[in-house]
Amino acid sequence: MNLLTFDNVHFGYDRPVLQGITLEIRAGELVALLGTNGAGKSTLLQLGCGTLTPQRGAVLCADESLTQLSRRTAAQRIGLVTHASEVHFPLTALEYVLTGRFAHARAFGFDTEEDVETALQALRDTDAAQFAERRFNQLSSGERQRVVLARALAQQPQVLLLDEPTANADLAHQVALLILIQRLTRERGLGALVITHEINLAAEFADRVALLHQGSLLACGSPATVLTEDLLTKVFATALLVDRHPQSGKPRISWAVRKTSTT
Amino acid sequence: MTRTYLNQKYVVVTLAWLAVALVLMSFIALAVGPVSIPLTSIWAALQQWLTPDHQLDVRELILFSNRLPRIALALGVGASLALAGAAFQALLRNPLADPHILGISRGAAFGAILGIITAAQLPFAPSLTRAVCSFAGASLASALVYALGRREDDPARLVLAGVILSTFLSSLNVLMLSLVDDVRLRNITLWLLGDLSNALTESLLFIGAALLLGLLVLLTQARALNLMMIGAREAFTLGVETARTRWLVFAAASLLTGAAVAAGGAIGYVGLLTPHLIRLIAGADNRLVLPAAALGGALLTLVADTLARTVIAPRELPTGAITALLGAPLFIYLLLRRR
């Protein structure tokens, strides 16, 4: 079942950023979105959660156009994780995560025990329960990132859109985070679209890889079919070596030494 | 008291403490003044006041015609300003925003001065002129600052627009003041500094209605404001209809500011500092900050006004001078602490 569909989506500011993107996120699958800086990855995520609207084409949530949904309904279905913006007020991490319950709660009133338990479970899932009582703006950027992810989990969406969730995380938490997202897709049938520059993590954990190049979708498919030397060299304009991971057999990408540079 | 998230009990306890302090302070304010009246007499007088056909003696006249309305006005003005400040700060993600910084108080003053100058040509009773024109000025300034500073995720732009509008309106106010005669000039100047000595029934009714309406609207948006406080775009993805929330909060806060300025002039720092102090003590959740700021602002303004009419009694200081005297050093302290 398609949870989120980009249907021939065009978008641009003064010049086109995305052209004719068609991509669907299905229940239970993790899709990695790869591409160079400025390829339009973040713009695609903004379109996917409704903060931007396509100039041509449509974004469908299940079978309904995203623009037709109330923000509340949209938020019950789609969760976005981006870099945390600076918070100027003394909120605890738990209060921060509880804001994720907005779409499920009454607009007026207090958080229910269920809300609090969901928020705490989300913090435990992202290995951030120990920060619950700390001020959000006193956490390190890696710790904040886990709290932001916890807020999206507390939102209990069907689709998770993640913009470089591993950017500030240490190696252990990068792997833990992708294991968590993979588990959510397997166990709860979530669909996830993850922007990452950690190409080997994408190769290992993604069910499909979408390769965005100059505003168009160059390829989309299993890691083995998309993460090839030809395609990657074309996109990243630098010589890369692709072999197999000795344990998983998934593609493993490394830099080619300088003399083989083809750019 | 520490807490990790807001629960009902914490809200009730905090608000109850503030309410008790407010009642105590009101009795003190009734008692002190050029003529001091012991608390026991006040209690007796209050009971008699409620019996029909009771003739008021001099002390009771002071209590009920002078001090009580003035206390009510101080409470209403203080609550409105602090509530407006708390709402603007959360909406604009800026702990330093308040009706004064955004130029909305100056807009209200502009409307009022224009109203006083052209009073003869306006179709309202003179006492209503100030209220109606202040509110119109505040709304106009809000609309202007909103239009100029409107940008999804850039609170700095809005504050900058407010500062510029504020300076501009300030000069216009000075220009208009040079047109009025000396008696009116003194009245307007006193009022501009924040003056609660003139508690008319119309003002009390107007501020009471504005406070009730503003509080109700803002409380329905308290949860949404918790998200707006983190970021408008994030609030949008988390389910807040951000355009509607922004519009409602702006309208409610402008109403509160307009009513407060009309009734009590430009009393500074209450709107800026009260929400700060509340957040320092009780955290940042707007479901508590908004009602607590209203009570706290009422309390602070009442303390300032009581000082204003007692420190050099029988002469009086403008209440705004006291709030600025107390508020400015506190503000500087908070500013330095933020580093």
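Chains as they are written, first to last, in my numbering: chain A, 33 to 295; chain B, 841 to 1179.
For every residue, glycine included, the Cβ atom is placed at its ideal position computed from N, Cα and C.
Take residue i and list the residues in its own chain whose beta-carbon comes closer than 8 angstroms to its own, dropping the five residues that flank it on each side.
| i | result |
| --- | --- |
| B:GLU1156 | SER1037, ALA1148 and ARG1149 |
| A:HIS245 | GLY67, THR68, ALA71, LYS266 and VAL267 |
| A:GLN206 | THR198, GLU230 and LEU233 |
| B:GLN888 | HIS894 and GLU900 |
| A:GLY60 | THR217, ARG218, GLY221, LEU222 and GLY223 |
Using a Cβ cut-off of 7 angstroms, pull out every chain A residue sitting near residue i, in sequence order please.
| i | result |
| --- | --- |
| B:PRO935 | HIS120 and PHE121 |
| B:ASN1066 | THR131 |
| B:GLN848 | PHE142 |
Count the other CB atoms within 10 Å of the CB of residue i; is the residue buried (16 or more) or exposed (fewer)?
| i | result |
| --- | --- |
| A:THR270 | exposed |
| B:MET841 | Low confidence applies to B:MET841: its pLDDT is 37, below 50, so where it sits in the model is not reliable, and the reading given next is rough at best. Flag for B:MET841 reads exposed. |
| B:TYR1173 | exposed |
| A:SER293 | Any reading at A:SER293 must be qualified, since the residue scores a pLDDT of 49, below 50, and its modelled position is unreliable; the value itself is stated next. Under this definition A:SER293 is an exposed residue. |
| A:GLN78 | buried |
| A:PHE140 | exposed |
| B:SER905 | exposed |
| A:SER280 | exposed |
| B:ASN1126 | buried |
| A:SER286 | exposed |
| A:GLY253 | exposed |
| A:TYR45 | exposed |
| A:VAL91 | buried |
| B:VAL863 | exposed |
| A:ASP95 | exposed |
| B:VAL972 | buried |
| A:GLU145 | exposed |
Run down chain B in chain order and give the residues with a C-beta less than 7 angstroms from the C-beta of residue i.
| i | result |
| --- | --- |
| A:GLU165 | THR844 |
| A:ARG103 | PHE1076, GLY1079, VAL1080 and GLU1081 |
| A:ALA107 | THR1077, LEU1078 and GLY1079 |
| A:GLN206 | Result: empty, since nearest Cβ-Cβ is about 23 angstroms, beyond 7 angstroms. |
| A:LEU112 | THR1077 |
Round the Cβ separation of residue i and residue j to the nearest angstrom and send it over; I've been treating them as touching at under 8 angstroms.
| i | j | result |
| --- | --- | --- |
| B:LEU1130 | B:ALA1049 | The pair is not a contact, with the Cβ atoms about 18 angstroms apart (cut-off 8 angstroms). |
| B:GLY925 | B:ALA1138 | Actually they are not in contact, since the Cβ atoms of B:GLY925 and B:ALA1138 sit about 13 angstroms apart, beyond 8 angstroms. |
| B:SER945 | B:PHE1090 | The pair is not a contact, with the Cβ atoms about 15 angstroms apart (cut-off 8 angstroms). |
| B:LEU931 | B:ARG1086 | 6 angstroms |
| A:LEU192 | A:ALA224 | 4 angstroms |
| B:ALA1133 | B:ILE1118 | 5 angstroms |
| A:GLN187 | A:ALA107 | 6 angstroms |
| B:ALA1106 | B:ALA949 | 6 angstroms |
| A:LEU241 | A:PRO255 | It should be noted that the sequence gives Val, not Leu, for residue 241 of chain A. 5 angstroms between Cβ atoms; contact. |
| B:GLY977 | B:GLY947 | 4 angstroms |
| A:LEU259 | A:ILE227 | Not confirmed; about 16 angstroms, so no contact. |
Leaving aside the five residues before and after residue i along the sequence, list all residues of the same chain whose C-beta is less than 6 angstroms from its C-beta, in chain order.
| i | result |
| --- | --- |
| A:LEU233 | LEU210 |
| A:ASN34 | GLU56 and ARG58 |
| B:PRO939 | ALA924, SER945, THR1097 and GLY1111 |
| A:PHE168 | VAL119, LEU123, ALA125 and TYR128 |
| B:VAL985 | LEU942, GLY943, ALA1001, GLY1002 and LEU1005 |
| A:GLN214 | LEU62 and PHE237 |
| A:THR37 | GLU56 and LEU92 |
| A:ARG178 | THR158 and ALA160 |
| B:ALA912 | LEU1044 |
Cutting at 7 angstroms between CB atoms, please list the residues of its own chain near residue i, excluding the five before and the five after it.
| i | result |
| --- | --- |
| A:SER173 | ASN200 |
| B:LEU903 | LEU870, ILE877, ILE882 and ALA885 |
| B:ARG1179 | In this prediction, B:ARG1179 scores a pLDDT of 47, lower than 50, which makes its location untrustworthy; the coordinate-derived value is nonetheless stated afterwards. Correct list: empty, nothing qualifies. |
| B:LEU1140 | GLY918, VAL1110 and THR1114 |
| B:SER1094 | ILE944, ALA978, SER979 and SER982 |
Show which residues of chain A have a CB atom less than 8 angstroms away from the CB atom of residue i.
| i | result |
| --- | --- |
| B:ARG1119 | PHE121 and PRO122 |
List, in chain order, every chain B residue whose beta-carbon is nearer than 9 angstroms to that of residue i.
| i | result |
| --- | --- |
| A:SER117 | ARG933, ASP993, ILE1070, GLY1071, ARG1073 and GLU1074 |
For the region 119-136 of chain A, which residues have a beta carbon sitting closer than 8 angstroms to at least one beta carbon of chain B?
So the close ones are VAL119, HIS120, PHE121, PRO122, LEU123, THR124, LEU126, GLU127, TYR128, LEU130, THR131, GLY132, PHE134 and ALA135.
Residues within the region 75-92 of chain A neighbouring chain B, beta-carbon criterion of under 9 angstroms
GLN78, CYS81, GLY82 and THR83
Between the region 1071-1084 of chain B and chain A, which residues of the former have CB atoms less than 9 angstroms from a CB of the latter, in chain order?
GLY1071, ARG1073, GLU1074, ALA1075, PHE1076, THR1077, LEU1078, GLY1079, VAL1080, GLU1081 and THR1082
Scan the region 1124-1145 of chain B for residues whose Cβ lies nearer than 8 angstroms to a Cβ of chain A and list them as they occur along the chain.
ALA1124, ASP1125 and ARG1127
If the cut-off is 7 angstroms on Cβ atoms, which residues from the region 145-175 of chain A count as contacting chain B, listed in chain order?
VAL148, ALA164 and GLU165
To be precise: take each residue of the region 187-219 of chain A, compare its Cβ to all Cβ atoms of chain B, and keep it if any distance is under 8 angstroms. Which residues remain?
Within the region 187-219 of chain A, the qualifying residues are GLN187.
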